[in-house]
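Residue numbers (this note's numbering): 1 to 137.
Beta carbons: idealized from backbone N, C-alpha and C, even for Gly.
Quantities reported herein were computed from a predicted structural model and do not represent experimental measurements.
Below is one structure, written out as structure tokens, with a few remarks after it.
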């Protein structure tokens, strides 16, 4: 399953750098080996590995999580994706290489929040908390 299947395909063509695979446990090892052998596939993780590594909800992802490298996008089949509709170059979402998002605050942070930010552990969804609770007014 590719989570980026919205109808606005002018930038991404419904292709992304993240996919989750649902399959029977009996096929997991073979599928992992096949996926890892595909050029452009950077990581293939079990549900447990992906949940722990990337703070994903284990009950909402498949048995495997597949991440593409920075020059690769994942999709279903060539016929499924309308690449002619992509306007100016293909963008991708969901992989490791799109994960760095700058946090810009127009006020100084409290010491506690400045330490959190400096730790490198802050994520994009933490920005609202930082802006509401972590600035010096």
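Would residue 50 pass as a contact of residue 73 if the rule is Cβ separation under 8 Å?
Against a cut-off of 8 Å, the Cβ pair of residue 73 and residue 50 comes out as no contact.
Does the ligand SAH have a heavy atom nearer than 7 Å to the CB of residue 72?
No copy of the ligand SAH occurs in the structure displayed, which carries no ligand at all.
Which residue marks the beginning of the beta strand (DSSP E) containing residue 42, and which one marks its end?
Its beta strand (DSSP E) spans residues 41-46.
What is the residue span of the alpha helix (DSSP H) that residue 37 lies within?
Per DSSP, residue 37 belongs to no alpha helix (DSSP H) and is neither H nor E.
Please name the residue in 105, 127, 30 whose C-alpha comes closest to that of residue 63.
Among 105, 127, 30, the Cα nearest to that of residue 63 is on 30.
Taking 8 Å as the threshold (C-beta atoms), are residue 103 and residue 67 in contact?
It is not a contact, given that the beta carbons lie outside the stated cut-off.
Using the rule of at least 16 other Cβ atoms within 10 Å of the residue's Cβ for burial, across every protein chain shown, is residue 18 buried or exposed?
So residue 18 ends up on the buried side.
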